[in-house]
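Working notes, beginning with the structure itself.
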Amino acid sequence: MEKNIKIDNMTCEHCSAKVESALKSLEGVEDVKVSLFRKKATVNGDHLDENLLKEAIVNAGFDVISID
Ligand SMILES: [Cu+2]
């Protein structure tokens, strides 16, 4: 499955790298692409839990606008 996450507060490449590694550390996540310019992350994997995705991003210090 694929989840598209809109993220606020990423201001530089360090931010997007932080989001990427936070998402990659989650169970079931196979691939993560984060776009600083488009303020979004695309996550691919099995049994992705939206609450856990959101929690990982918030804990890394960023805001989640939406997940779909
Ligand atoms: Cu930054």
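Under this note's numbering, the letters of the sequence shown match residues 384 to 451, in that order.
Using N, Cα and C, we set each Cβ at its ideal position, and we do this for glycine too.
| Asked | Found |
| --- | --- |
| So does histidine 397 have its beta carbon nearer than 7 Å to some heavy atom of ligand 1? | yes |
| Shorter than 7 Å, the distance from the beta carbon of threonine 394 to the closest heavy atom of ligand 1, or not? | yes |
| Against chain C, does asparagine 434 count as a neighbour if the rule is that its beta carbon must be under 8 Å from one of theirs? | The chain labelled as chain C is not found in the depicted structure, where only one protein chain is given. |
| Does the beta-carbon of valine 441 have 16 or more other beta-carbons within 10 angstroms, so that it is buried, or is it exposed? | exposed |
| Across which residues does DSSP place aspartate 446 in a beta bridge pair? | Asp391 |
| Classify isoleucine 448 as buried or exposed, calling it buried when 16 or more other Cβ atoms lie within 10 Å of its own Cβ. | exposed |
| Mind checking whether asparagine 387 and aspartate 451 have CB atoms under 8 Å apart? | yes |
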